[in-house]
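First the structure, in the form of structure tokens, and then the observations on it.
Numbering (my numbering), first residue to last: 145 to 400.
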């Protein structure tokens, strides 16, 4: 191991980067890039899973897990019909990898925020969840973000590889109901969720999820600004997208 002498001088995060470099240099690992379908903001790094230290709010978010689980339980008991298929494309649209999951309850969501719009009645029913969410730097883009939801993946179901629409925001996961045999891949890294542990990833890098168990998996999903963006940049992103929407008469994407 030619890198061993200097590797010992690296921090844990630096060692992870070095190991990835070695694996890609020796062709043991495929190199993935950002592939946003709609919006690319230059200069933001293609990081599969971000280091926890970049998100000072993450420990508080994780600490809210029991309270959010309680509110999830109440929702499941009182309003299971509120969970709608996450993929809902019209039949005439090109479905590609989504054909199997289109309009299927096998992957469903209970939204609190959808395409920037809060669903007030649901938010009121989950005060602890909303209190935790308010501590996060939620991406704020008219008709697009924030998004926040309970995401349900039924037994023996896989979400196929796909990429998100914009690299100026990242996606956070907090697992709530977690059977064995569930996993998540972003680019070249595969991880397993653990109750009480969240993570943040770049969803413009190819990613996929699976539940190979006989039980349902449920996680809380929301989006946050990239920590590499300044407040003026965030304001400019909002302004540019609003202006281009107004000029083009653009319909926002069905999912972000």
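All C-beta atoms, glycine included, are put in the ideal place defined by N, C-alpha and C.
Kindly indicate which residue of the options has the alpha-carbon position closest to the one of residue i.
i	options	result
residue 329	317, 382, 368, 248	317
residue 252	380, 214, 289, 361	361
residue 230	377, 344, 291	291
residue 336	326, 287, 343	326
residue 225	390, 296, 312, 377	296
For residue i, which residues from the same chain have a beta carbon less than 8 Å from its beta carbon, with the 5 sequence-adjacent residues on both sides left out?
i	result
residue 157	195, 197
residue 341	206, 319
residue 193	330, 333, 335, 343, 344, 345
So is residue i in contact with chain C if we call contact Cβ pairs under 9 Å?
i	result
residue 329	This model lacks chain C altogether, as it is built from one protein chain only.
Distance, Cα to Cα, residue i vs residue j?
i	j	result
residue 233	residue 259	16 Å
residue 284	residue 324	35 Å
residue 279	residue 367	12 Å
residue 384	residue 188	18 Å
Give a single yes or no on whether residue i has its beta carbon closer than 8 Å to a heavy atom of the ligand MN.
i	result
residue 166	Among the components of this structure there are no ligands whatsoever, and the ligand MN is therefore not found.
Which partner residues of residue i appear in the DSSP bridge assignment?
i	result
residue 315	345, 367
residue 301	355
residue 237	Beta-bridge pairing links residue 237 to no other residue.
residue 362	296, 321
residue 384	Paired residue(s): none; residue 384 is not in a bridge.
residue 326	355
Excluding the 5 residues flanking residue i on each side, which residues of the same chain have their C-beta closer than 6 Å to its C-beta?
i	result
residue 250	298, 301
residue 181	309
residue 371	198
residue 267	256, 274
**Q.** Secondary structure, alpha helix (DSSP H): runs of 4+ residues fully inside the stretch 156-206
**A.** 156-169
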